[in-house]
Amino acid sequence: MSPYPLQDGERVLWSGAPTRRRRWLREHHVLLFGALLLVAAVATAIVVDRRNAQYLGLFTTLLFGFGIFWSRRLANRRARLDVETYFVTDRRVVFVAQWPTGAEFRWAWLNRLGPAQVKTGADTVTFGTSFAARWRVANQNHEGAWAPFVPELWAIPDAERVAALIRQAQSAPFPKRTGNILETQRGPVR
């Protein structure tokens, strides 16, 4: 039995993992903005009117809760970055996370994904979805195996070539399973 969930006749076109550990992530921007907002609120309350300082505790508590929420997301993202591997086959994009407790496999069929696009500067391959759509899926309140995931190949080497491979595989006829033989529109695959 193969250690990875490849089907009969499925070919691996590319495999890789995120290449660089990023010290500054998008989540840091939110935390920094919140800290600056807190400093500005304290300064404004002291300078303008000390009577408004009573609301400062409420504001600080809300900001602290927001910081805890975002720091948890940051920790989850960093943990995933350290353990994730990607496989691009002629039929799917497979996401493998090698956790200490075992391997987690998720995949997305190429014929159900949008066209592969490269986010410039980030070396990330996305699949025709907007940032807002990816953010909504990533921030749904689910965890574990049933959590929806955003199919993107994050911080990979030579992202443009990988995106071209994916687009080429997406344009090929998708095999249909009939019994034990895989068939395409051109005939059986052997």
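Note that this note's numbering gives residue 184 to position 184 of the sequence shown, counting from 1, and the numbers run on in steps of one.
By construction, the Cβ of each residue, glycine as well, lies at the ideal position given by its N, Cα and C atoms.
Bridge partners of residue i, per DSSP?
i      : result
Tyr86  : Gly16, Phe95
Gly102 : Trp99
Leu153 : Val125
Ala79  : For Ala79, which the question treats as bridged, DSSP gives no partner whatsoever.
Ala108 : Val93
Hey, how far is the Cα of residue i from the Cα of residue j?
i      : j      : result
Arg112 : Tyr55  : 50 Å
Glu152 : Phe59  : 36 Å
Ala169 : Leu63  : 46 Å
Thr61  : Ile68  : 11 Å
Thr120 : Thr126 : 11 Å
Pro193 : Val162 : In the structure as shown, the chain begins at 1 and stops at 190. Residue 193 is therefore absent and cannot be evaluated.
Pro5   : Val30  : 37 Å
Arg167 : Thr44  : 53 Å
Leu32  : Ala75  : 16 Å
Asp49  : Ala132 : 39 Å
Leu110 : Tyr86  : 14 Å
Arg72  : Arg92  : 30 Å
Hey, residue i and residue j: beta-carbon distance below 8 Å or not?
i      : j      : result
Thr124 : Ala159 : yes
Leu13  : Asp90  : yes
Val88  : Leu165 : yes
Gly16  : Pro157 : yes
Ala122 : Ala155 : yes
Phe66  : Glu84  : no
Gly102 : Pro115 : no
Check residue i in the structure and name its three-state DSSP category.
i      : result
Gln168 : helix
Thr120 : coil
Glu202 : The first residue shown for the chain is 1 and the last is 190, placing residue 202 beyond what the model contains.
Gly57  : helix
Counting pairs of beta carbons, one from the segment 33-40 and one from the segment 99-108, are three or more of them closer than 8 Å?
no
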